[in-house]
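**Q**
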Amino acid sequence: MRTYEVILIAQPDLDETALNGVIEKTKGWITEAGGTIDKVDLWGKRRLAFAIRKQREGQYVLIQAQMAPNYTAELDRNLRFLEPVMRFLIANME
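Position one of the sequence shown corresponds to residue 1 (full-length UniProt numbering), numbered consecutively onward.
Here's what the structure looks like:
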């Protein structure tokens with residue numbers, strides 16, 4: 001198991017319930033694959049450096065998790081098809 005940071009930028013117009021749904025779905029995918037969630041940090045709504053899908057702001061979420069290295073490709077694929085997520089990054093913490 002390795003420690004990863006998953007950073008999500010969600011659509012700015014999501015209400016708290018919808019944003020929590022996105023976070024819970026992502027956490028569920030990680031735990032179903034045998035991973036564990038270390039920390040979830042909501043950074044709130046911030047201005048983007050450039051427009052993404054005609055949006056100038058986004059809601060940032062940081063998830064620190066431990067999971068198997070071979071699962072990152074599957075998590076990448078799942079996040080790519082999650083509509084409220086505009087951008088994401090999965091980074092290995094060393």
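Using N, Cα and C, we set each Cβ at its ideal position, and we do this for glycine too.
Note that the coordinates shown come from a computational prediction; the quantities given were computed from them, not determined experimentally.
With 16 as the cutoff for other CB atoms within 10 Å, does M67 come out buried or exposed?
**A** buried
**Q** Using alpha carbons as the reference points, say which of M93, E94 and I63 lies closest to G28.
**A** Out of M93, E94 and I63, I63 has the C-alpha closest to the C-alpha of G28.
**Q** To the nearest whole angstrom, what separates the beta carbons of P12 and K45, a pair I think is in contact under 8 angstroms?
**A** 6 angstroms
**Q** Roughly how many whole angstroms lie between the Cα atoms of Q55 and D15?
**A** 16 angstroms
**Q** Return the chain-ordered ranges of every beta strand (DSSP E) run that is complete within the segment 31–68 and spans a minimum of 3 residues.
**A** 36–52 and 55–67
**Q** Can you have a look at F50 and say buried or exposed, based on whether 16 or more other CB atoms are within 10 angstroms of its CB?
**A** Classification of F50: exposed, given that the 10 Å Cβ count is below 16.
**Q** Does T31 pass the burial test, meaning 16 or more other C-beta atoms within 10 Å, or should it be called exposed?
**A** exposed
**Q** From the DSSP output, which residues share a beta bridge with residue 104?
**A** Any property of residue 104 remains undetermined from this structure, which presents the chain solely from 1 to 94.
**Q** Output the boundary residues of the beta strand (DSSP E) element that contains L89.
**A** It spans V85 to N92 - the beta strand (DSSP E) in which L89 sits, taken as one unbroken run.
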